[in-house]
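Taking it in order: structure first as structure tokens, then the write-up.
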Amino acid sequence: MDITSLKIDLLEPNPWNVNRMSAAMKKKLTAYLKREGLVEPIVVRPHPSKDGRYEILGGFHRWSICKDELGYDTIPCVIVSLNDKRAKILSINLNSMSGQPVPNLLSKLLHDLEQEMTLPDMEATLPFEQGEITDFLSLLQIPEGFADELEQQARQKDKDAPEVLTIVLDRKQHQLWQQALEAAQEEVSGAPNPKARTLELLSKRYLGLEAQNEGAT
């Protein structure tokens, strides 16, 4: 598949784009493009109703930043000839089929980077906030057998993969959370991830699920 350099003003977004990006992530992407350049071409097709123009099927945010923030005149593109149905299918696939990182493998990779970078530097160059990075790094403290279980679950089915939850607490909320962890210590001491087990118990009690489970036994 050939990569062609096109005038950036000849490209237009498609009308069905479902991919949204937060301001924080856009800032990270802009910094990345400034630092590394555009290493992945934009995927386009000849515009279905405008001769000489092209419709973006993949890479809208990178195109927008290169055009509006970085002043690109031309941009590398892969041109495909597709009808509307196939163009929409490709657009969905380009935005969705990127896979999910296996949490414990990502934590090891972040740990390697941590040996050479500070947390602020990691936050500035990676698509994570500092709290998310520290949560991933905390997975290294989980027993090895449980880490293997996480990896197996993630590989078996992406949608069932463990989620890393990041919560920002004020001082009072953090004190309450610590008190809850201490109160639940005896009940969760055998769990591979005591914090997650404590959160599960609190959620079940709040929703009344624990009482339902006891009534069913």
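In our numbering, each residue's number is its place in the sequence shown (first place is 1) plus 1.
Don't be surprised by glycine CBs; every beta carbon is placed ideally from N, CA and C.
Assuming residue i and residue j are in contact, meaning their beta carbons sit under 8 Å apart, how far apart are those beta carbons, in whole angstroms?
i    : j    : result
V45  : L58  : 6 Å
E130 : E124 : 6 Å
I93  : W64  : Their Cβ separation, rounded to whole angstroms, is 18 Å, which puts I93 and W64 out of contact at 8 Å.
L111 : I134 : 6 Å
M26  : P128 : 6 Å
For the alpha helix (DSSP H) that contains residue i, what are its first and last residues?
i    : result
L114 : P104 to E115
E70  : Unbroken run through E70: none, as it is neither H nor E.
R198 : P195 to L208
A192 : Premise fails: A192 is in no alpha helix (DSSP H) and is neither H nor E.
A1   : There is simply no residue 1 to check, as the chain begins at 2 and stops at 218 in what is shown.
Q142 : Segment: none, Q142 is in no alpha helix (DSSP H) and carries neither H nor E.
M219 : With the chain covering 2 to 218 only, the question about residue 219 has no answer from this structure.
Please classify residue i: does DSSP put it in a helix, a strand, or coil?
i    : result
S6   : strand
I168 : coil
T75  : strand
S50  : coil
A225 : There is simply no residue 225 to check, as the chain begins at 2 and stops at 218 in what is shown.
R21  : coil
Cα separation between residue i and residue j?
i    : j    : result
V103 : T75  : 36 Å
E56  : T167 : 37 Å
L106 : W178 : 28 Å
G53  : K196 : 58 Å
V79  : L120 : 36 Å
K8   : D113 : 40 Å
Where do the ends of the beta strand (DSSP E) carrying residue i lie?
i   : result
I90 : Per DSSP, I90 belongs to no beta strand (DSSP E); it is in the alpha helix (DSSP H), D85 to S97.
Name the one or two DSSP bridge partners that residue i has.
i   : result
G59 : V44
L12 : Y55
I80 : V45
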